[in-house]
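A short write-up of the structure that comes next.
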Ligand SMILES: [Zn+2]
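Numbering (this note's numbering), first residue to last: 22 to 158.
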């Protein structure tokens, strides 16, 4: 069987094929979870959000990006290639702004962590460069 599904915001029209009603149900649920995750930015409420995939060290990061610079990340399930909206941190606590965040340059460490550096790349003029603030002396 086949379903044609229009996302809630009307931006996408997705054709979904499935052998059984159960399979169709699962696939529609997956489409809704990912493509209807966010209709507006959690930081500035703008609807000017776009899909973005960043590749860092051969890993792909799936995100929504707002015109204000905020990003919303999707987690990836290890099996099956499915995505899920990331609304909680590693400890299970709810993220602020429903998961949307603007990258804060590490000018001053918030809390010192031993030998652990998080580098979030930014797409600048078509090439991927680290977004970390580096000071040359
Ligand atoms: Zn925004």
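Quick reminder that beta carbons are idealized off the backbone N, C-alpha and C, glycines included. Bear in mind that the values here come from a model prediction, so they are computed numbers and not experimental data.
For residue 91, the CB falls within less than 7 Å of some heavy atom of ligand 1. Judged by their CB atoms, residue 90 and residue 107 are not nearer to each other than the 8 Å cut-off. Where residue 107 is concerned, there is no enclosing beta strand (DSSP E), because DSSP gives it neither an H nor an E. With respect to residue 25, residue 43 sits apart: the two C-beta atoms are not nearer than 8 Å. Apart from sequence neighbours up to five positions away, the residues of its chain that approach residue 64 with a beta-carbon distance below 8 Å are 87, 89, 91, 118, 121, 122, 123, ordered along the chain. Residue burial is scored here from C-beta neighbours: residue 85 has at least 16 other C-beta atoms within 10 angstroms and is therefore classed as buried. Listed as beta-bridge partners of residue 77 by DSSP are 80. Residue pairing by DSSP places residue 96 opposite 105 in a beta bridge. Per DSSP, the continuous alpha helix (DSSP H) segment holding residue 44 begins and ends at 42-56. The straight-line gap separating the alpha-carbon atoms of residue 40 and residue 22 is approximately 6 Å.
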